[in-house]
Amino acid sequence: MKVSLVVNGAPREVEGGPLRRLLDVLREDLALTGTKEGCGEGECGACTVLIDGEPVNSCLVPLAQAAGREVRTVEALASGELLTDLQEALVRCGGTQCGICTPGIAVCATAALAREPGADRLRLRELLAGNLCRCTGYQLVIDAVAEVVARRADATDAGAAPPLPARTAPTAPGQAGPGVGSRGAAP
Amino acid sequence: MIGLGERVGASPPRVDGAAKVTGAARYVDDLQPPGCLVGRTVRSRVAHGVLRALERDPGFDWSDVTFVTAADVPGRNVVTLIEDDQPVLVPVGGTIRHHDEAVALVAAPTKEKAEAARAAVRLVVDPLPAIFTLDDALRAEVKLHGQDNVFKRFEVTRGDDVERALAACDVVVEGVYETGAQEQMYIEPQGMLAAWEGDTCHVTGSLQCPYYVHKALKVTLGLPAERVVITQAVTGGGFGGKEEYPSMIGAHAALLARAAGRPVKVVYERDEDVAATTKRHPSRVRHRLGLAKDGRMLAADVDVLFDGGAYATLTQVVLSRGVLHAAGPYRIPTVRIVGRALATNHPPHGAFRGFGAPQTTFAYERQTAKAARALGMDPVALRRLNLYRDGDVTATGQTLRGSVAAHPTLDRVVAQLEQPPPAGRRTLPQAPHVKRGRGVATYFHGSGFTGSGEERLKGQATVAVAADGVLEVRAGSTDMGQGATTTFAQIAATALDVHVSQVRVAQPSTDKVPDSGPTVASRTCMIVGGLVDQAARAVRSKLEAFAAEVGLAADDPARGDLPALARRWAAARGELAETHTYRPPAGIRWDDQTYRGDAYPVFGWAACAVDVAVDTDTWEVVVERCVHAVDVGKAINPTIVQGQIDGGTVQALGWALWESVQYREGKVLNDRMTNCIIPTAIEAPELETLLVEEPYAHGPFGAKGVGEIPMDGPGAAVASAVEDALGVAMDELPLLPEVVHRRVRAGRAGGAA
Ligand code: FES
Ligand code: FES
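Chains as they are written, first to last, in my numbering: chain A, 24 to 210; chain B, -9 to 743.
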């Protein structure tokens, strides 16, 4: 059957049985390979896309269910070369390593920031709990997203973004000093 | 000139970061050459038996299916590694040695057709009795390897007779420690893509060690070196799991592509990856530690058993590292360590971050905690009394010469614990049914290959002015997420005094980069990074001499503009390549026969403290605080280094609390992410990662290895913390709720643990 949907702003018509996975349609038919497959059963979140603004695991979405809906993938977050504040923070803070989980995390966090702009760290962890990452231990991912929360809040308060925080350097043995992370020392 | 924010010691963003956050980075499954077929593997499905026949369903449409068996292997049917005992495909008449062995291959135009074809192959097998436990392997009623099922035995001794020394101690602490199989669970499953161009085989894939695959495929395909080209695609995590298994998948893809005359991609499904590829060795370690009343450690007797699985693969090297770390970072005058790896009918166990050291570290750090309790001493004070200092001698007789940070890492952890815990952490409520405890661990990890390994390996790296005039780093070391590309770029940029963006790091491909040795063993930054540094300096002096030759005045600013000079060189003279080969520092001695001498060029050091809360209704363990100080020599890029430590720490917490691959009769029961669980962002605690820099004189800018050490110790710290909370010995991992509950019940029944 033929199915019409809107992908990254453009109307598309794709072919396939009603049970064909949206993930395969995106990757195989539309060459949108930024959406990844880590498990194929809704556990890892690497295949996260937005459908009408809601994050979903595209490996669990049958094509029929995507008919007429608006799908947004990781490829449509940045505008050209210009990364979003979240993407920029993920790179700068060390929130991506091997990167296979990163598209899913970027998509999911984009939705989370829109829905809960005031989320604290613990809440951010809950919102990202469906996205497995085996490399980072999540620390620098949460640092990056929390930083975006803070900067957007400041921007709303002050009408302008504050300067980027400096990352601290490690210390030599015996020297007292903060850790490398943003919360190595006590708040 | 290079910006301060890019030099070694600063944290410029990863060079591959933008491609990864936008989805532009291309992993192997994102590559789709025209006409590419989907490859699938037919597996044994019995743990031990003789393969009598392979039958293809005559009713199935095989017209567009490529079918490959052992008979189609043009070279030798082995996966070349240390011992050539593992077949690429089990031949008819041959022996199946585990449940997930490859016996045949199919390729078809679509996934659905390939799946159907796989299901249309039937195996006729005469089953044989099998071995699934260490005890059955030791009994050797069934013989899988030699007469005793021992793949490898190592012994390290120091000082007097250990029995006599233990008899003379005031206190002897004894324990038996068990750990399970742990899956690497990289989020990108394994996969390789093969395509033939004439009689040359090109294989691209998710892998750590292109030259391992190269070496193996030459043998399997019977081809000379130059007709096999292995290229690394962007790789979605490895952690050791993509060290040697890609040789198997690469061979499969190459055989299918050869038979089909078209490109073939073999990408594993998650369940297949968990079941068939290598995992961390399950272990049992018996440990006796003797001490004087004042807390001095006097003697240690350690017996290490690893379940090697069905084939030798890398097991002996893993065992070696486990044995060499088994006495811990403590001054102990009398030591005996015996390690044995046993053959079973499990799929082969193999490399996983830490490489044998986490298992033995778990044992010696649990022993240290128990010794402190037996002596009524503070566990930190006991460690301070015994931890190595510069000039001390290890169990193999290695005198530590510089870069010893056992005490500084512990001091940093102790100081951090005096600070309030981080905001936003997850805690259990304060309630009578919630018990709390703290555990500490101190440990070390040898950087680089064991003993004479680096000398034999002779790793190489090149810095070049490429034909297009760009400064280029060429190394066979891969980036599987750990940041090797950025680290190399930063080292070269600093040595050349140019921007990171002015250095290109070549994609590792065996026809373009030299063999730097495998991307393992915490050696990439320290060993290969050092070669990059030297080669870059050589290129710089050549270009500076060139500037003088072409008549640039000494004060001409163009003389300092290396990228411009490089372009000029390329235009005038073509390529300039400086290749450096690793030479161990003078004075390193190692004897492979006696296992004595300098086991590693240098060690990294670490200390970890973990606070847990245990809900005694559900037996859930929550890590409320995790402070981890790691000595890395020099952090080339502190953000990347922190990321390595954070990630390793959470993998270690996963191993401690949740992660265990369960076998029944050699079959993996939990082969999916839903039941083979790894920590999510909720279980992972707010990490307090602290970097300590005790420079290593022979590492680039002082750097040592960092990749593995964070995996070694948190497991023991967690177990000691749970024991502290509940007053019952926790001598196995993972501490799943049912395990904690069982131990508490047994502890109550049997009195004090
Ligand atoms: S691939 Fe969809 S959740 Fe893992
Ligand atoms: S960065 Fe590798 S899985 Fe997240």
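C-beta: ideal position from N, C-alpha, C; glycine also.
{"Item": "I'd like the ranges of any alpha helix (DSSP H) spanning at least 4 consecutive residues and lying wholly in the region 298 to 354 of chain B.", "Value": "305 to 314"}
{"Item": "Output the distance between the C-alpha atoms of A485/B and C598/B, rounded to the nearest integer angstrom.", "Value": "34 Å"}
{"Item": "Determine, for P126/A, whether the minimum Cβ-Cβ distance to residues of chain B falls below 7 Å.", "Value": "yes"}
{"Item": "Is I672/B near ligand 2, going by C-beta to nearest heavy atom under 6 Å?", "Value": "no"}
{"Item": "With a floor of 4 residues, list each alpha helix (DSSP H) that falls wholly inside the region 437 to 521 of chain B, ordered by position along the chain.", "Value": "443 to 447 and 474 to 486"}
{"Item": "Buried or exposed: which applies to M720/B, given that a residue is buried once 16 or more other Cβ atoms fall within 10 Å of its Cβ?", "Value": "buried"}
{"Item": "With distances taken Cα to Cα, identify the nearest neighbour of A421/B among A603/B, G550/B, A526/B and R586/B.", "Value": "A603/B"}
{"Item": "Return yes when the C-beta of C750/B is under 6 Å from any heavy atom of ligand 1, and no when it is not.", "Value": "The structure shown does not extend to residue 750/B, since chain B is modelled only from -9 to 743, so the question has no answer here."}
{"Item": "Who are the near neighbours of G197/A in its chain, counting only those whose CB is closer than 8 Å to its CB and skipping five residues on each side?", "Value": "Low confidence applies here, because G197/A scores a pLDDT of 37, under 50, leaving its location unreliable and the question unanswered by this model."}
{"Item": "Pick out every residue whose C-beta is nearer than 6 Å to a heavy atom of ligand 1: which are they, in chain order?", "Value": "E60/A, G61/A, C62/A, G63/A, G65/A, E66/A, C67/A, G68/A, A69/A, C70/A, N80/A and C82/A"}
{"Item": "Can you name the residues of chain B whose CB is closer than 8 Å to the CB of D143/A?", "Value": "G414"}
{"Item": "If we count Cβ pairs, one from each stretch, closer than 8 Å, do we get three or more for the region 223 to 238 of chain B versus the region 117 to 132 of chain A?", "Value": "yes"}
{"Item": "In angstroms with no decimal places, state the Cα-to-Cα distance between A94/B and Y176/B.", "Value": "26 Å"}
{"Item": "Report yes or no: do three or more beta-carbon pairs, one from the region 273 to 289 of chain B and one from the region 147 to 165 of chain B, lie closer than 8 Å?", "Value": "yes"}
{"Item": "What does G40/A touch in chain B if you count any residue whose Cβ is under 8 Å from its own?", "Value": "Under the 8 Å cutoff, chain B gives no residues; its nearest Cβ is about 10 Å from G40/A."}
{"Item": "Among P78/A, E64/A, A54/A and D47/A, which has the Cα closest to the Cα of R138/A?", "Value": "P78/A"}
{"Item": "Helix, strand or coil for P119/B? Go by DSSP, reduced to three states.", "Value": "coil"}
{"Item": "Rounded to whole angstroms, how far is the Cβ of V130/A from the Cβ of V97/A, which I believe are closer than 8 Å?", "Value": "5 Å"}
{"Item": "Look at the alpha carbon of D47/B and the alpha carbon of Y235/B, and state the distance between them as a whole number of angstroms.", "Value": "30 Å"}
{"Item": "Could you tell me if T608/B is buried or exposed, where buried requires 16 or more neighbouring beta carbons within 10 angstroms of its beta carbon?", "Value": "exposed"}
{"Item": "Could you spell out where the alpha helix (DSSP H) holding M182/B opens and where it closes?", "Value": "Run containing M182/B: none in the alpha helix (DSSP H); it sits in the beta strand (DSSP E), G181 to E187."}
{"Item": "Identify every residue that forms a DSSP beta bridge with K255/B.", "Value": "V28/B and L183/B"}
{"Item": "For A152/A, decide whether its Cβ has a neighbour in chain B, counting only Cβ atoms nearer than 7 Å.", "Value": "yes"}
{"Item": "Have a look at K360/B and P319/B and give me their C-alpha separation to the nearest angstrom.", "Value": "16 Å"}
{"Item": "Can you give the beta carbon distance from I481/B to V(-2)/B, rounded, assuming they're within the 8 Å contact cut?", "Value": "6 Å"}
{"Item": "Specify, as a first and last residue, the run of the alpha helix (DSSP H) that T125/A falls within.", "Value": "T125 to R138"}
{"Item": "Comparing the C-beta of R138/A with each C-beta of chain B, is any distance below 7 Å?", "Value": "no"}
{"Item": "Check whether chain A comes within 7 Å of V592/B, counting only Cβ atoms and requiring the distance to be less than that.", "Value": "no"}
{"Item": "Would you mind telling me which residues of chain B sit closer than 8 Å to L163/A, beta carbon to beta carbon, in chain order?", "Value": "T629, Q632, G633 and D636"}
{"Item": "Ligand 2 and I177/B: does any heavy atom of the ligand fall closer than 6 Å to the residue's C-beta?", "Value": "yes"}
{"Item": "Do I123/A and ligand 2 come close, with the Cβ less than 6 Å from some heavy atom?", "Value": "yes"}
{"Item": "So is E445/B buried or exposed if we call it buried at 16+ other beta carbons inside 10 Å?", "Value": "exposed"}
{"Item": "Can you tell me whether DSSP reads A543/B as helix, strand or coil?", "Value": "coil"}
{"Item": "Answer with yes or no whether the minimum CB distance from G697/B to chain A is below 7 Å.", "Value": "no"}
{"Item": "State yes or no: is the C-beta of C156/A nearer than 6 Å to some heavy atom of ligand 2?", "Value": "yes"}
{"Item": "Just checking G227/B against ligand 2 - is the residue's beta carbon closer than 6 Å to any of the ligand's heavy atoms?", "Value": "yes"}
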